[in-house]
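The working numbering puts the sequence shown at residues 15 to 292.
Here's the structure we're looking at; comments come further down.
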Amino acid sequence: MEKQDIVSIAHRYLSKRIAKVTKFPTHKLKNENSSKNDNSCFFVHNFGTYELEAKLNYCEGSPQKTALLIHGGNSDLSSLNPLENLLREKNIATLSFNLSGLNNTSTTESSLSQNINESIVFYNYLKKVDIVIGYSLGGYIAINLAKKFQIDRLILLCPAIYSDLAVNKIYGEEFKNEISKPYSFYSTSTWNFLMNYKRQVLIIYGELDGKKTNNGRSKGFYEVNGITKYSPIPYEIVQTLKTISIRKVNFNLIIEKGKDHYLLKNIKKNNILKYIDF
């Protein structure tokens, strides 16, 4: 496909003019091969002292809807490829992007606050956003987008919740020390926001995530019948969201039996989209 054709396709979805569109990423991604398909293109946004890349996954003809996807910690936009493919099968276009401080695509110091601002920038690239999907740390960022924008459908996959103090901590020891404080996740305005939120929210956790401990922290890696499982979400976060979902008809919380935090990696096998009425 000629460059101009790609640009024309991109501008069917984007409200901002972009000078350069590529068929392949210009930054090295963790799962680079999985980030390529015939219906995608990439572009870069310059934040002044650093730049971040975004991937537009488009549909043939007119898409039914458009979704903004937000990756989790220690990953980049390539981790969202399984979800992009499933959504494209449903004629849903997607925009994903790299967050700073969580991967090797940028070397700048970063924080949750900075990532939230980056997400706002990429949200504003789209002419319309019907769905926002955030995974893990990206779920927390998605909640913060819902504070600023009217989002028709908010989908949170294994979302993390952080204290208000954690938001401005620089990733690394500073951030780790804050989120490792017992029960620090209770010290956040996020709970009050969710209790008063009026729009549709779908939350999905794996049953083996949010495992109970006695110290107000997450369990992390552990074994079940010799198989390693991962639970970075503290037990109390899942239980609090369960309580909110019982009280609020616009909240739907699903617990996937036998699954842990890696829902996104195995999303096609787990058939997570069966819960989502697009």
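Positions of the beta carbon are idealized from the N, C-alpha and C atoms, including for glycine.
Quiz prompt | Residue of 285, 67, 266, 203 minimising C-alpha distance to residue 181 | solution = Counting from one through the sequence shown, the residue named residue 181 turns up at place 167. Nearest of 285, 67, 266, 203 to residue 181, Cα basis: 203.
Quiz item: Excluding five sequence neighbours on each side, which residues of the same chain lie with their C-beta closer than 6 Å to the C-beta of residue 219?
Solution: Stepping through the sequence shown from its first residue, residue 219 is reached at position 205. Once the five neighbours on either side are set aside, the close Cβ partners of residue 219 are 172, 252, 269.
Quiz item: Regarding residue 267 and the ligand FMN, is the C-beta to nearest heavy atom distance less than 7 Å?
Solution: In the structure on display, the ligand FMN does not appear, and there are no ligands present to speak of.
Quiz item: Under 8 Å between the Cβ atoms of residue 127 and residue 83?
Solution: Locating residue 127 in the sequence shown gives position 113, where the first residue counts as 1. Locating residue 83 in the sequence shown gives position 69, where the first residue counts as 1. No, the Cβ-Cβ distance between residue 127 and residue 83 is not below 8 Å.
Quiz item: So which of 287, 264, 141, 53 has the shortest CA-CA distance to residue 213?
Solution: On the sequence shown, residue 213 is found 199 positions in, with the first residue counted as 1. Of 287, 264, 141, 53, the residue nearest in Cα terms is 264.
Quiz item: Below 8 Å, can you find three or more Cβ-Cβ pairs linking the stretch 228-235 to the stretch 180-196?
Solution: Touching, yes.
Quiz item: Within the chosen definition, does the stretch 133-148 reach the stretch 83-97 through at least 3 CB pairs nearer than 8 Å?
Solution: With the rule of 3 Cβ pairs closer than 8 Å, the stretch 133-148 counts as touching the stretch 83-97.
Quiz item: Beta-carbon separation of residue 96 and residue 281 under 8 Å?
Solution: Locating residue 96 in the sequence shown gives position 82, where the first residue counts as 1. Locating residue 281 in the sequence shown gives position 267, where the first residue counts as 1. Judged by beta-carbon spacing, residue 281 lies within the 8 Å limit of residue 96, meaning their Cβ atoms are closer than that value.
Practice problem: Please state if the CB of residue 27 and the CB of residue 101 are separated by a distance shorter than 8 Å. | Solution: Position 87 of the sequence shown holds residue 101. Position 13 of the sequence shown holds residue 27. Not a contact, by the Cβ cut-off of 8 Å.
Quiz item: In whole angstroms, what separates the C-alpha of residue 6 from that of residue 90?
Solution: Residue numbering for the chain in the displayed model covers 15 to 292; residue 6 lies beyond these limits and cannot be assessed.
Quiz item: residue 272 and residue 216: beta carbons closer than 8 Å?
Solution: In the sequence shown, residue 272 corresponds to position 258, counting from 1. In the sequence shown, residue 216 corresponds to position 202, counting from 1. Result no, Cβ atoms of residue 272 and residue 216 do not sit closer than 8 Å.
Practice problem: Would you list, in sequence order, the uninterrupted beta strand (DSSP E) runs of no fewer than 3 residues that lie entirely inside the stretch 63-100? | Solution: For the beta strand (DSSP E) assignment, the uninterrupted runs of no fewer than 3 residues enclosed by the stretch 63-100 are, from N- to C-terminal side, 65-71, 79-84.
Quiz item: Do you know how far the Cα of residue 170 is from the Cα of residue 277?
Solution: The residue you call residue 277 lines up with position 263 of the sequence shown. The residue you call residue 170 lines up with position 156 of the sequence shown. Straight across, the Cα-Cα distance linking residue 277 with residue 170 is about 11 Å.
Quiz item: Mind checking whether residue 211 and residue 160 have CB atoms under 8 Å apart?
Solution: Translated into positions along the sequence shown, residue 211 becomes position 197. Translated into positions along the sequence shown, residue 160 becomes position 146. Yes, these two residues count as a Cβ contact at 8 Å.
Quiz item: Are residue 93 and residue 69 closer than 8 Å when you measure CB to CB?
Solution: Counting from one through the sequence shown, the residue named residue 93 turns up at place 79. Counting from one through the sequence shown, the residue named residue 69 turns up at place 55. No, they are not a contact pair.
Quiz prompt | residue 270, enclosing alpha helix (DSSP H) - first and last residue | solution = For this step, residue 270 is matched to residue 256 along the sequence shown. Careful: residue 270 lies outside any alpha helix (DSSP H), inside the beta strand (DSSP E) at 265-270.
Quiz item: Can you list, in chain order, the residues of its chain whose CB lies under 7 Å from that of residue 287, leaving out five sequence neighbours each side?
Solution: By 1-based counting over the sequence shown, the position of residue 287 is 273. 100.
Quiz item: Using the beta-carbon count (16 or more within 10 Å), is residue 33 buried or exposed?
Solution: For the purposes of this step, residue 33 is taken as the residue at position 19 of the sequence shown. Residue 33 should be labelled exposed.
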